[in-house]
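Written below as structure tokens is the structure these notes are about.
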Amino acid sequence: MAADVTDAYETLMEFLYRAPIGLAQTSVRGDIEMLNPMSAQLLMPLSPDGGLGNLFTALHTVAPQLPQMVADFNAASGVICESLRVETGEEMRAKGAVQVLSINLMKLNASKLMAVVSDASLEVRREQETLSRGLDRAAHIDNLTDMPNRPAIRKRLQALLDRTPSDLAPGFAVIFMNCDRFKQINDSLGHAVGNQILGMMADRLRSVLRQSNSFNREMEIRPTAARIGGDEFVVIVEGIQRREDVHLVARRVLDVVSEPYAIETHDINCKVSMGVVMGQQLAGNADALLQDASIAMVEAKRAGGSRYAMFDHVMRERAQQRGGMETELRRAFAERELFVMYQPVVDLQTGAAVQRNAGVEALVRWRHPTRGVVPPLEFIGMAEECGLISELGDFVLATACDDFVQWHRELGARAPSKLAVNLSRGQLTDAGAVARIRNILRITGMPAQRLQLEITESLAAQDATIQARLHELKGLGLTLALDDFGTGYSSLACLHLLPVDTVKIDRSFVAQADTSQHHRVLIQATVQVAHSLGMNIVAEGIETHGQEKVVTTLNCDKGQGYLYARPLCNSDLVEWLMAGCD
């Protein structure tokens, strides 16, 4: 029995002696008591004097903290440090030292330590290679969709552009795709849902592009899709033989990615707009190419969205003009070039004379230093595109509320009874709009019941998110008006579904009220339905006494137009109101 134990012990010692890792037993002061050959091989090149009398001395150059770590370790036994990696210097490596040393130090008892040292150089190199591959992937692959990202698609595009003209046959095209109203989805349903939609959109793109026969059996296209950031995707379509080929691809992609997205209990509509650049139009570098495709995409959005637009060079000129206007518009805020004018609204149902103080509509204007007064149609869209619409809307509302409160202090009963302010699409889809409007009412002292916010018919008839925002606004105590009725998507049959208090009949109907029986019938029907729902009617764009007589006879409650007054500045409005009281 004793012989067996002796044999086992000797076998163990032989194993430890020949182990491919360094093993050393030391005192708590680091004095080496036993070590195997691998320890000597690893430690000797590190020792300043070439000796191995003390572990801490041998490792002092690369791990001077070891003695303090031992002193700070208060337990009777246990691991003092594990897998402590230290790099050796070039001078030590010249003497035979390994590149990276791994040190494990354990306390065996009150007087003894066990050190395990090993060459970690290969392991570190493998980790670095894995990390490098991961970084390379991260540099070229989008994490959310597992698609190529912007740098990857730029590299591919540049490679195509660097080819000679003969190498480019057959041709290729670039499609730049952006989601319509994606910010609204993020704001209303959360970024997690938005990310799910982007992932599903990427899957649909991959699927439809793989099925090249779904475009045309004669086409042999080679499409590549990428997500280049946010809600923007790019598709490179190689193998284009005819211009019609890219139209087929664009139409098919547009149809597939615009189908509703089913997420949990939501059936979400997320339409897209796309810009297309043909290969023969390309010049310059990849960034210029992407810019041209993006410009065409913006044109598609400006045309109403949910469509694609083919790039032409006129678009670039328009984009440059818009870019210049954006810069000027930002300057206009800083230089206080924006101001508010007011167009009166009169009461038509007061007998012989109209009542002048029925209300006013606030209208923003831009006093440009060289172009004069710029109407809102020329810059509201730009304000939405460049993210200034909320700031612009807040400015108009706050200014108008301040003026309204001042009129009531100075004019009393002669002051307008209602203030109307327009809300744009960008404002209504802004998640913070309701809170900011509430704050403006509080700061200015504006009575909520005196404020009427006006929205276009097409905007009011949109999805449930817009409807919910309208109900939130109503909860502030203000009223809502449906502007330009008759030009959008609503119908009289749907009027009861909209949370509005006033319907404003569009000027295009009023303009023909005294000459067209058809238009008179439409106005009369609108008045009857609105009144039956408890809504007021305002006739817009009244310019003649004939038009005034017709809309008054048809029971329109209020009127607005050049017959009474053009938009007026604050002081001119006060004079106009006072003149009506003489």
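Quick note on numbering: the working numbering labels position 257 of the sequence shown as 285, and the sequence is numbered without any gaps.
Think of the CB as a built atom: it goes at the ideal place given N, C-alpha and C, for glycine as much as any other residue.
Residue i versus residue j - alpha carbon distance
i      : j      : result
Ala138 : Leu83  : 17 Å
Ile225 : Leu498 : 25 Å
Met134 : Thr293 : 58 Å
Thr493 : Ser216 : 7 Å
Phe95  : Cys109 : Per the sequence presented here, residue 95 reads as Pro, with Phe not at that position. Going from the Cα of Pro95 to the Cα of Cys109 covers about 11 Å.
Tyr517 : Leu282 : Bear in mind that a pLDDT of 49 at Tyr517, under 50, signals an unreliable position, so the number given afterwards is only what the model happens to contain. So the alpha carbons of these two residues sit roughly 23 Å apart.
Thr54  : Ser160 : 39 Å
Gly50  : Val90  : 16 Å
Pro92  : Gly78  : 17 Å
Ala324 : Pro595 : 36 Å
Tyr592 : Asp375 : 11 Å
Leu366 : Leu237 : 48 Å
Ser67  : Ala167 : 42 Å
Leu523 : Leu550 : 14 Å
Gly562 : Pro527 : 11 Å
Gly316 : Ser322 : The question names Gly, but residue 316 in the sequence shown is Ala. Ala316 and Ser322: Cα-Cα distance of roughly 10 Å.
Asp610 : Glu603 : The predicted position of Asp610 is uncertain, since its pLDDT is 48 and thus under 50; a value taken from the coordinates is nonetheless stated next. Approximately 11 Å, taken between the alpha carbons.
Tyr45  : Asn102 : 30 Å
Leu172 : Gly218 : 16 Å
Asn583 : Gln552 : 8 Å
Val98  : Ala86  : 16 Å
Asp600 : Gly421 : 23 Å
Leu605 : Gln556 : 31 Å
Lys140 : Pro73  : 24 Å
Met369 : His396 : 15 Å
Ile60  : Leu80  : 7 Å
Glu266 : Lys211 : 32 Å
Met175 : Ala254 : 5 Å
Gly589 : Thr457 : 29 Å
Ser146 : Asp100 : 24 Å
Glu485 : Gln495 : 12 Å
Gln69  : Ser105 : 28 Å
Gln540 : Gln239 : 54 Å
Val579 : Val373 : 14 Å
For residue i, the first and last residue of its enclosing alpha helix (DSSP H)
i      : result
Ala47  : It is not in any alpha helix (DSSP H) - Ala47 carries neither H nor E in the DSSP assignment.
Met142 : No alpha helix (DSSP H) holds Met142; the beta strand (DSSP E) holding it covers Lys140 to Asp147.
Met97  : Leu94 to Asp100
Asp190 : Note, Asp190: premise wrong, no alpha helix (DSSP H); not H, not E.
Val326 : Ala314 to Arg330
Ile225 : His219 to Arg238
Lys577 : His573 to Thr581
Pro65  : Pro65 to Leu71
Ala104 : Here Ala104 belongs to no alpha helix (DSSP H), and DSSP marks it neither H nor E.
Met134 : From DSSP, Met134 is part of no alpha helix (DSSP H) but of the beta strand (DSSP E) over Val128 to Lys135.
Val602 : Asn598 to Ala607
His436 : Ile417 to Leu439
Leu391 : Leu391 -> not in any alpha helix (DSSP H); beta strand (DSSP E) instead, spanning Gln383 to His396.
Ile408 : Ile408 to Glu413
Ser536 : Arg535 to Val538
Ala337 : First-last for Ala337: Tyr336 to Met338, but that is the beta strand (DSSP E), not the alpha helix (DSSP H).
Ala86  : Leu83 to Ala86
Run of the beta strand (DSSP E) containing residue i, from where it starts to where it stops
i      : result
His294 : His294 to Ile296
Met369 : Leu366 to Asp375
Gly351 : Unbroken run through Gly351 is the alpha helix (DSSP H), His341 to Ala362; no beta strand (DSSP E).
Gly290 : It should be noted that the sequence gives Ala, not Gly, for residue 290. Taken as a continuous stretch (DSSP letters only), the beta strand (DSSP E) holding Ala290 covers Tyr289 to Ile291.
Ala201 : Gly199 to Cys207
Ile306 : The displayed chain sequence assigns Met, not Ile, to residue 306. Val300 to Met306 is the span of the beta strand (DSSP E), which, as asked, contains Met306.
Rounded distance between the beta-carbons of residue j and residue i, thought under 8 Å
i      : j      : result
Thr615 : Leu129 : A query on residue 615 cannot be resolved here, the shown segment of the chain reaching from 29 to 610 and no further.
Gly400 : Val433 : Actually they are not in contact, since the Cβ atoms of Gly400 and Val433 sit about 30 Å apart, beyond 8 Å.
Ile268 : Gly307 : 7 Å
Leu525 : Thr554 : So it is not a contact: roughly 15 Å between Cβ atoms.
Ile131 : Val114 : 7 Å
Residue i at chain D interface by Cβ criterion, 8 Å
i      : result
Leu141 : The displayed structure is made up of one protein chain only, and chain D is not part of it.
- Segment contact flag, the segment 335-350 with the segment 221-236, C-beta cutoff 8 Å, min 3 pairs: no
- Message: Using 8 Å as the cut-off, can you tell me whether the segment 176-194 makes contact with the segment 453-466, which would need three or more C-beta pairs spanning the two stretches below that distance?
- Response: no
- Where in the segment 542-571 do unbroken runs of the alpha helix (DSSP H), each at least 4 residues long, occur, reported from the N-terminal end onward? 545-560
- Ranges of the alpha helix (DSSP H) found wholly within the segment 451-511, counting only runs of at least 4: 453-456, 461-472, 485-488 and 492-502
- Stretch pair the segment 435-443 + the segment 406-414: three plus CB contacts closer than 8 Å: no
- Does the count of Cβ pairs from the segment 420-437 and the segment 385-397 closer than 8 Å reach three? yes
- Which runs of the alpha helix (DSSP H), 4 residues or longer, sit entirely within the segment 248-285? 271-285
- Task: Determine, using beta-carbon pairs with one atom in the segment 352-360 and one in the segment 445-457, whether at least three such pairs fall under 8 Å.
- Result: no
- For the 8 Å Cβ check, are there 3 or more pairs between the segment 502-514 and the segment 473-486? yes
- Query: Can you find at least 3 beta carbon pairs, one from the segment 344-355 and one from the segment 554-570, that sit closer than 8 Å?
  - Reply: no
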